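To start, the structure under review is shown below, and the notes come after it.
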Amino acid sequence: MIARQVASIIAEFYVFLELSDEEELNPDNAVNMMESLACHLEEMEKGFLRELVDAFAIISEDYSDEARELVRDIPYSLYLEEALAADDPVRLAELEAQRDARD
Numbered sequence: 009m010i011a012r013q014v015a016s017i018i019a020e021f022y023v024f025l026e027l028s029d030e031e032e033l034n035p036d037n038a039v040n041m042m043e044s045l046a047c048h049l050e051e052m053e054k055g056f057l058r059e060l061v062d063a064f065a066i067i068s069e070d071y072s073d074e075a076r077e078l079v080r081d082i083p084y085s086l087y088l089e090e091a092l093a094a095d096d097p098v099r100l101a102e103l104e105a106q107r108d109a110r111d
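Below, the structure is given as structure tokens:
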């Protein structure tokens, strides 16, 4: 339950940063905030981070269109699966291959 609530807060923040235009938000500031967000998330306890990553797929259904895809892709965009696999070189290689195939 807590992970879903935290994921919702992060999603609102993330969608705002991604979908605000240059008149509303300086793009450099948005990038800096996203990098800061990613850094803080990567520092979380791995068990909670796993719950959080899984929660994004669930809460993405509360959004429409472009925002739904953004929320679903937060773990991908912020490299959270890689943060979870930091001590597992095999899993990191799998994630890199998936990332290469997707891009």
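Counting in the numbering used here, the sequence shown runs from 9 upward without gaps. C-beta atoms are modelled at their ideal positions from N, C-alpha and C, and glycine is treated no differently. This one's a predicted model, so the numbers in the text were calculated from it and none came from an experiment.
Sorted by chain position, which residues of the same chain lie with C-beta nearer than 7 Å to S16's C-beta, five sequence neighbours on each side aside?
Reading the sequence shown from its first residue, position 8 is the one you call residue 16. Answer for S16: I67, listed in chain order.
Does the ligand NAD have even one heavy atom less than 7 Å from the beta-carbon of S85?
As for the ligand NAD, it is missing from this structure, which has no ligand bound.
Which residue wins for smallest C-alpha separation from L92, given the options L49, D70 and Q13?
Looking up residue 92 in the sequence shown gives position 84. Out of L49, D70 and Q13, L49 has the C-alpha closest to the C-alpha of L92.
Range of the contiguous alpha helix (DSSP H) that encloses S16:
By one-based count along the sequence shown, residue 16 stands at place 8. Its alpha helix (DSSP H) spans residues I10 to L27.
Please classify N40: does DSSP put it in a helix, a strand, or coil?
Residue 40 sits at position 32 when you count from the first residue of the sequence shown. DSSP places N40 in helix when its eight states are reduced to three.
Within 10 Å of its beta-carbon, does V61 have 16 or more other beta-carbons around it, so buried, or fewer, so exposed?
Taking the sequence shown and counting its residues from 1, one reaches residue 61 at position 53. Looking at its Cβ environment, which holds 16 or more other Cβ atoms inside 10 Å, V61 is buried.
Just curious, the alpha helix (DSSP H) that E69 is in, first and last residue?
Position 61 of the sequence shown, counting from 1, holds the residue named residue 69. Element bounds for E69: n/a, residue is neither H nor E.
Candidates D96, Y22 and S72: which alpha carbon is nearest E43's?
Counting from 1 along the sequence shown, the entry for residue 43 is found at position 35. Of the listed residues, the one whose Cα sits closest to E43 is Y22.
Proximity below 8 Å, CB of Y71 to CB of V79:
Translated into positions along the sequence shown, residue 71 becomes position 63. Translated into positions along the sequence shown, residue 79 becomes position 71. Yes, these two residues count as a Cβ contact at 8 Å.
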